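Plus 8 on top of the position in the sequence shown (first one is 1) and you've got the numbering used here.
Where a beta carbon is used, it is the ideal one built from N, C-alpha and C, also for glycine.
Note that this is a predicted model, so its numbers are computed, not measured.
Read through the structure below, which is laid out as structure tokens, and then see the notes.
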Amino acid sequence: MAFPLPVWLAVQEELLGHGDSADCGAPCCFDDFDDEALFRMFHLTRPCIAFIADAIRIRMRTAGSEPSPLSVDAMVMLALNHYAHGVSSSEVLQRLGLSHTELAVVVISTVSEVIAGMTDQFISFPQTRDARADVALKAEKICGIPNVMGVLAPAHFKIRASAYRHEKSTFRSFVNCLGYSSVVSQIICDCDGNLLSVEHCCVGSTKEQEMWESSLKGREMENDLHGPYMVIGKIHQRLATTV
């Protein structure tokens, strides 16, 4: 069973190393934010953040991770803020009492590894004929188009890339069509928002068609390995179907 798109956004961070983790029963540190502030700081709703924190807490208990000076909620807060903005905001660092960026990197890396280890729980492409038919039937009821497996779209994740630290051509390759530096992944969701596929990260300037043609799911569907089904994607500002 797959889960909605926001759960998987955190996975796109590059894993930098290993760190400590915690399982702490402290009050939720997200309670100090109202809903508007939550979305501004983390680009997620309160129920989604609660789901992510609970999933990570259970995973850490199961894995028997070593103690950390931060509670699980605090670790999740730091990581989600970094994922949302490409850098840890001073407001979150001060709230958590962190003055050393090295510790922040370790915490973000630890949370990233935990979520990456739950890939199979959050991403599931229908493998059987009946499962694909069920997904396509739901989509047809919404859009009226038969044999649609899902929606294909790029997901951009902001990163810190500096023109002063990279060669000019390297820096420009990270700048996307929206004008900021990012890495981009190809994501397929069904009509309920469940993740069916998440493919490799590319530099932000990579074209959608180029990602599709080089992707595993793209090659599988071009070779009819999933039957007479298609995904719908928006390419070059026009609605198009990719078979």
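Taking the alpha helix (DSSP H) that residue i belongs to, which residues open and close that run?
| i | result |
| --- | --- |
| His51 | Note, His51: premise wrong, no alpha helix (DSSP H); not H, not E. |
| Asp81 | 80-93 |
| Ser222 | 216-222 |
Leaving out the 5 sequence neighbours to the left and right, which residues in its chain are closer than 6 Å to residue i when beta-carbon positions are compared?
| i | result |
| --- | --- |
| Val122 | Ile64, Arg67 |
| Met229 | none |
| Ala34 | Its pLDDT being 43, under 50, Ala34 is placed unreliably by the model, and the measurement read from it follows with that caveat. So the qualifying residues of the chain are Ser79. |
| Cys199 | Lys146, Ala147, Ile150 |
| Gln3 | The displayed coordinates of the chain run from 9 to 251. Any statement about residue 3 would go beyond what the structure contains. |
| Gly158 | Ile196, Cys197, Asp198, Leu204, Val239 |
| Gln129 | none |
| Arg168 | Gly94, Val95 |
| Leu137 | Residue 137 is actually Arg in this sequence, not Leu. Answer for Arg137: no residue qualifies. |
With a CB to CB cut of under 7 Å and the five nearest residues on each side skipped, what residues in its chain are close to residue i?
| i | result |
| --- | --- |
| Val211 | Ser181, Phe182, Val191 |
| Leu233 | none |
| Tyr7 | Residue 7 cannot be examined here, being either before or after the span of the chain that is shown, 9 to 251. |
| Leu224 | Glu207 |
| Ser96 | Leu86, Asn89, His90, Ala112 |
| Thr214 | Val192 |
| Gly226 | Trp220 |
| Asn184 | His164, Ser190, Val192, Gly212, Ser213 |
| Asn231 | none |
Am I right that residue i and residue j are in contact with their C-beta atoms under 8 Å? What's the rounded C-beta distance?
| i | j | result |
| --- | --- | --- |
| Ala61 | Val80 | 6 Å |
| Ile116 | Leu86 | 6 Å |
| Phe38 | Leu46 | 7 Å |
| Leu88 | Leu52 | 7 Å |
| Pro162 | Met219 | 7 Å |
| Val113 | Met83 | Rounded, the Cβ-Cβ distance is 12 Å, inconsistent with contact. |
| Ser222 | Cys209 | About 12 Å separates the two Cβ atoms, so there is no contact after all. |
Residue i bridges to which residues according to DSSP?
| i | result |
| --- | --- |
| Leu160 | Ile196, Gly241 |
| Ser189 | Val183 |
Starting from residue i, trace the beta strand (DSSP E) in both directions and tell me its first and last residue.
| i | result |
| --- | --- |
| His208 | 203-211 |
Only counting the same chain, and skipping five residues up and downstream in sequence, which positions put a Cβ closer than 8 Å to that of residue i?
| i | result |
| --- | --- |
| Glu99 | Met49 |
| Ile57 | Phe38, Leu46, Phe50, Val84, Leu88 |
| Pro154 | Ala144, Glu148 |
| Leu104 | Cys37, Leu78, Ala82, Met85, Leu86 |
| Pro236 | Asn155 |
| Asp40 | Arg103 |
| Leu186 | His164 |
| Arg54 | Phe38, Asp43, Leu46 |
Original post:
Can you list the alpha helix (DSSP H) stretches of 4 or more residues lying completely in the segment 103-173, in chain order?
Top reply: Taken in chain order, the unbroken stretches of alpha helix (DSSP H) that lie wholly in the segment 103-173 and span 4 residues or more are 109-124, 127-130, 137-151.
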